[in-house]
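A short worksheet on the structure shown next.
Number of protein chains: 4
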Amino acid sequence: MTLKDFIGEGDHFARHSGVQVLSVAENYGKASLVVANEHLNAGGVCQGGAIFTLADTALALAANSGLMLTLSVEASISYHRAAMEGDVLTAEAVALCPHPKIPAFEVKVTNQRGELIASFKSTCYTKKAALNGVTGLE
Amino acid sequence: MTLKDFIGEGDHFARHSGVQVLSVAENYGKASLVVANEHLNAGGVCQGGAIFTLADTALALAANSGLMLTLSVEASISYHRAAMEGDVLTAEAVALCPHPKIPAFEVKVTNQRGELIASFKSTCYTKKAALNGVTGLE
Amino acid sequence: MTLKDFIGEGDHFARHSGVQVLSVAENYGKASLVVANEHLNAGGVCQGGAIFTLADTALALAANSGLMLTLSVEASISYHRAAMEGDVLTAEAVALCPHPKIPAFEVKVTNQRGELIASFKSTCYTKKAALNGVTGLE
Amino acid sequence: MTLKDFIGEGDHFARHSGVQVLSVAENYGKASLVVANEHLNAGGVCQGGAIFTLADTALALAANSGLMLTLSVEASISYHRAAMEGDVLTAEAVALCPHPKIPAFEVKVTNQRGELIASFKSTCYTKKAALNGVTGLE
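Chains as they are written, first to last, in the numbering used here: chain A, 2 to 139; chain B, 2 to 139; chain C, 2 to 139; chain D, 2 to 139.
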């Protein structure tokens, strides 16, 4: 199985939230979300949790690209612009520091006009366990 | 309409994610989530985005308890223990600083055994706009 | 040598910044700072870096209280009230999660009136190395 | 007075910490620090508070480049590599979002070899007050 399928199919919450896995490479991940009615908050704009979940999925791709089980230990997100129903959001994760045990990643979320919607930063923890049955990236 | 209903019914993503609004008071909010199959990540534990969305909903209650439109500008979350399918998570938000323009809140997420699952901290921004049609807390 | 002396004397930047180590216990640390002219920023209030350094010193005490070398990997700080020249700030660090490898801590900074000045949260990383020559806490 | 001088001379803690203000432009700031003995922690590497103070000074330049009083409300820092005595650190701050009230900035700290030492992100708050007596950037 590829890492792209392992997360694209195996991450139930990302799927439930409508997040699509786009691509993965060494220390890199990309995912997208089309903002629908179900993603809106009570104020009528895309809820922070939906944007976070999108960023977290791109992170999971990048962080696990070494095919070792890697978990997010903490994350911070800053919101820059509101995302509206119909917007197409893309999250790209890159490594800030490819440390073997506690790597750090940055994720930028942009909309279909290339405007920055959110900035996300996370510290991860790599366990001494290979990703079971995952043999390649995509 | 009460703030509890405004968010409990009007926050589509919280509802879609299975988050239940429990209570709201001045600078205080409480919400819960029963971890189901749809909340799991590819590693088989509750996805960070689901825990974040739960915390963010408790935050929305506390932050809007002055009945002025208040948005989260940034948030950071630290994960302490994994949450498993069947776990009942509760998030409680309290004010760190009840500033009129840029209040800060802290949210603790615990499981049914009272163990700390995650710590969440957020800076918000209060707009010069009352919450339309919301006349009380709960 | 005690951990209190190891950090109180060995942390040059904390000393240079006027931070005083007060006490240490298992997963707990306390330090203080009297805000002087040298701590002010261009706006005439205590600079964020001075408050951060105070919190970071309390963190170092708590995080190393197991007498294993433990480093802060990331930290976030929220400022709630300004601190003025002459204020006496106290930082108390407690464990959010006493994980053997990646523990997390919370630090609250208060002034002499007990008002909350800042909230600080950090993820740490414990190395497989004892603190050389440190045999007790205080 | 220029903003460069206002902060370079008026930020007492930055000066006390050895931080040098290098340049400022619209939504941009740059500062540096030569790691000396007084910046080391008990483990013999550059203390996190010193790196934070450096980043915070670059932030102050960028955040105040509109010549309106702008304060950091919260900040998060991730450490990627240790900095050693003799290292020359440079911090560059850029705007993530030039919002008129709650702008966000990112700061990258690198060493003399261009290696990333730390990533810093901050939400600021712009007050309705011009910077008294400051008439230009540098």
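Note that the Cβ used here is the ideal one computed from N, Cα and C, for glycine as well.
Boundaries of the alpha helix (DSSP H) around E10 of chain A: 4 to 11.
For S79 of chain A, the nearest beta carbon of chain D is closer than 7 angstroms to its own beta carbon. Per DSSP, G50 of chain D lies in no beta strand (DSSP E); the unbroken alpha helix (DSSP H) holding it starts and ends at 49 to 64. In this structure G44 of chain B is buried. Its beta-carbon is surrounded by 16 or more other beta-carbon atoms within 10 angstroms. DSSP places A15 of chain B in the helix class (H, G or I) of the three-state scheme.
Under the three-state reduction of DSSP output, E139 of chain C falls in the coil class, being neither helix nor strand. At least 7 angstroms separates the beta-carbon of C125 of chain D from that of A84 of chain D. Within the segment 86 to 107 of chain D, contact with chain A at the beta-carbon level (separation under 9 angstroms) is assigned to L97, C98, H100, A105, E107. At a C-beta separation below 7 angstroms, E75 of chain D has these neighbours in chain B: E75, T124. If you check the CB distance, F106 of chain B and A92 of chain B do not come in under 7 angstroms.
Taking V35 of chain D as reference, the option from D:N28, D:V22, D:K129 with the minimal CA-CA separation is D:V22.
Unbroken beta strand (DSSP E) runs of no fewer than 3 residues, entirely contained in the segment 57 to 129 of chain A, are found at 69 to 80, 89 to 98, 105 to 111, following chain order. Distance from the CA atom of M69 of chain C to the CA atom of N42 of chain A, rounded to whole angstroms, is 45 angstroms. Close CB contacts of K122 of chain D within its chain, under the 6 angstroms cut and outside five residues either way in sequence, are with S77, E107 (chain order). Each residue's CA atom was taken as its position, placing T54 of chain A and S18 of chain A some 8 angstroms apart.
When the alpha-carbon of A131 of chain B is set against those of B:T71, B:A37, B:K5, the nearest one is in B:T71.
Taken atom to atom, the span from the alpha-carbon of L117 of chain D to that of A37 of chain C is near 33 angstroms. Between G9 of chain C and L60 of chain C, the alpha-carbon positions lie close to 13 angstroms from each other. Distance from the CA atom of A15 of chain B to the CA atom of D6 of chain B, rounded to whole angstroms, is 12 angstroms. Per DSSP, the unbroken beta strand (DSSP E) holding V22 of chain C starts and ends at 21 to 26. Within chain C, no C-beta atom comes less than 7 angstroms from the C-beta of S66 of chain B; the nearest is roughly 18 angstroms away. Around the CB of N133 of chain D, fewer than 16 other CB atoms lie within 10 Å, so the residue is classed as exposed. The alpha-carbon separation between A63 of chain A and L4 of chain D amounts to approximately 40 angstroms. One Cα belongs to A26 of chain A, the other to N112 of chain A, and the distance between them is close to 22 angstroms. Closest option to H13 of chain C, judged by alpha-carbon separation, among D:V110, D:G137, D:E86, D:S120: D:E86. Among the residues facing chain B, G19 of chain A is not included, as its CB has no counterpart in that chain under 7 angstroms away. Under the DSSP assignment, V35 of chain C falls in the beta strand (DSSP E) whose first and last residues are 29 to 35. Taking all protein chains shown into account, T136 of chain D has fewer than 16 neighbouring C-beta atoms within 10 Å of its C-beta and is therefore exposed. Flagged as an interface residue toward chain D: I8 of chain C, by a C-beta distance shorter than 7 angstroms.
Of the residues B:S33, B:N28, B:P99, the one whose Cα lies closest to the Cα of G115 of chain B is B:S33. Within chain B, the residues L97, C98 have their CB atoms less than 8 angstroms from the CB of L117 of chain C, given in chain order. A Cβ of chain A is located within less than 7 angstroms of the beta carbon of L41 of chain B.
At a cut-off of 7 angstroms between beta carbons, F121 of chain B makes no contact with chain A. Take the alpha-carbon of G67 of chain B and the one of D57 of chain C: they are about 34 angstroms apart.
Just so you know, the alpha carbons of A51 of chain C and G30 of chain A end up roughly 37 angstroms apart.
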